[in-house]
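The working numbering puts the first residue of the sequence shown at 5, with every later residue one more than the last. Positions of the beta carbon are idealized from the N, C-alpha and C atoms, including for glycine. These notes are about the structure you will find just below.
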Amino acid sequence: MGVKWIATPKRTKEILETYNFSFKKSLGQNFIIDTNILINIIQKADIDKRAGAIEIGPGIGALTEQLAIHADKVIAYEIDQRLLPVLDNTLAAYNNIHVIHQDILEANVIDMIGDHFTPDQPIHVVANLPYYITTPILMKLLREDLPVADFTVMIQKEVAERIAAKPNSKSYGSLSIAMQYYTRTEVVMNVPKSVFRPPPKVDSSVLKLTRRDSAPVQVADEDYFFAIVQACFAQRRKTLRNNLIRHFKSLIDKQTISNALQDAGIDETRRGESLTMQEFAALANAFYQITERDG
Ligand code: SAM
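In structure tokens form, the structure reads like this:
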């Protein structure tokens, strides 16, 4: 039975040869040839027959096919026009898949959800993402506040570790805070290079991001909060005070910066990598007040 699936070495080779397909590195094209890995991903994503699935980058349809079998409906965004006739053919047996030829970064996903899914349907994003735009894709989908329960995505291992990192670790940074502000993060699987065609240069992991019901911290202004976090990590080996002096330049004087850190209860000689999200929120709120006050 296994051989009929797209995600097998034999079938993938046949499809690629039939269409004389050449991989575009610039589009992050690394296709999966192991059906067990895909079924594992689908289980981690809690897909069942009620589920609506959104996929980014179906490629030749390996994951799309398994999603169609396990979910109610699949919407897949593919940027590469050359793959459209391939997908028409490889997925012809399934009537619950709709492929949209579009750059996901340009897509109006909220309208698509309204058009294709029912309001009571649990919606999951499941994808083997093009690695060159992992962060922009995730940030776009998270900031748009979509009715999506969770995101289960194959990404570069090192990026997965950064997103899920805890304070005081090497991988912890502004990306960890940005993602953990919107979601609970968990690395659910490491995946060997050998299950891709062509094998990528980097290691891969599957990351599950589960949307939070409410923000884990109260911040006066989200953009301001993220800007402060970024500033605190600008030069990792520098203290908070020095990074903040650099960030505010002449807008806020050094003494006021020291006072604000003290008011937020944070030692100014600490480094960004030691702060919890709660501490970053206290810090950002303290500086926001000063910025508002001093115009
Ligand atoms: N899902 C397939 C699999 O697992 O075998 C292919 C995954 S491959 C890592 C990434 C896919 O994303 C490719 O098909 C690529 O053409 C597509 N892609 C790249 N950039 C995209 C974008 N901006 N919007 C939509 N799809 C994109």
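Mind checking who residue i pairs with in its DSSP beta bridge?
| i | result |
| --- | --- |
| Tyr135 | In the DSSP output, where bridge partners are listed per residue, Tyr135 has none listed. |
| Ala57 | Val78 and His128 |
| Ile101 | Val78 |
| Asp207 | DSSP output for Asp207 lists no bridge partner at all. |
Quick one: Cα of residue i to Cα of residue j, how far?
| i | j | result |
| --- | --- | --- |
| Lys212 | Ala224 | 28 Å |
| Lys14 | Tyr23 | 15 Å |
| Gly177 | Ala55 | 33 Å |
| Pro140 | Ile108 | 10 Å |
| Phe25 | Leu67 | 18 Å |
| Gly269 | Arg240 | 21 Å |
| Ala111 | Val157 | 18 Å |
| Glu283 | Ala97 | 53 Å |
| Phe230 | Ala285 | 9 Å |
| His128 | Phe155 | 6 Å |
| Ala164 | Pro196 | 14 Å |
| Arg216 | Tyr185 | 8 Å |
| Leu150 | Gln259 | 42 Å |
| Asn19 | Phe35 | Residue identity differs from the one stated: residue 19 is Ile in this sequence, not Asn. Using only the alpha carbons, I get a separation of about 12 Å. |
| Asp227 | Arg245 | 20 Å |
| Asn1 | Ala168 | Any answer about residue 1 is impossible in this case: the structure gives the chain only from 5 up to 299. |
| Asp257 | Thr138 | 37 Å |
| Asn40 | Lys174 | 32 Å |
| Gln234 | Leu287 | 12 Å |
| Leu95 | Lys28 | 21 Å |
| Lys170 | Ala182 | 12 Å |
| Phe86 | Glu148 | The sequence shown places Arg at residue 86, not Phe. Each residue's alpha carbon lies about 29 Å from the other. |
| Leu248 | Asp271 | 13 Å |
| Gly32 | Pro62 | 12 Å |
| Ala219 | His120 | 28 Å |
| Asn172 | Leu179 | 14 Å |
| Leu265 | Ile114 | 40 Å |
| Val221 | Val192 | 25 Å |
| Pro89 | Val103 | 11 Å |
| Gly65 | Met281 | 39 Å |
| Thr189 | Gln47 | 17 Å |
| Ala131 | Ile294 | 43 Å |
| Asp267 | Phe291 | 10 Å |
| Lys242 | Thr214 | 33 Å |
In three-state terms, what does DSSP make of residue i?
| i | result |
| --- | --- |
| Val195 | strand |
| Leu213 | strand |
| Ser190 | In the sequence on display, residue 190 carries Glu and not Ser. In this structure, Glu190 counts as strand in the three-state DSSP scheme. |
| Phe200 | strand |
| Thr295 | helix |
| Met5 | For Met5, the predicted structure reports a pLDDT of 47, less than 50, and the residue's modelled location is therefore unreliable. The matter cannot be settled from this model. |
| Asp84 | coil |
| Val233 | helix |
| Val157 | strand |
| Tyr228 | helix |
| Pro140 | helix |
| Pro13 | helix |
| Val113 | helix |
| Thr122 | coil |
| Glu148 | coil |
| Arg241 | coil |
| Phe178 | Checking the sequence, you will find Ser at residue 178 rather than Phe. Helix at Ser178. |
| Ile172 | Here residue 172 turns out to be Asn, not Ile, going by the sequence shown. It is coil, neither helix nor strand. |
| Asp107 | coil |
| Pro89 | helix |
| Ser218 | coil |
| Ala164 | helix |
| Ala286 | helix |
| Thr280 | coil |
>> As an exercise, report each continuous alpha helix (DSSP H) stretch of at least 4 residues that is fully enclosed by the region 247-275, in chain order.
In response: DSSP assignment within the region 247-275 yields the following whole alpha helix (DSSP H) runs of 4 residues or more, N-terminal first: 258-267.
> What runs of the beta strand (DSSP E), each 3 residues or longer, lie entirely inside the region 18-75?
Replying inline: Annotation: the region 18-75 contains the following complete segments of the beta strand (DSSP E) (minimum length 3 residues), in chain order: 56-60.
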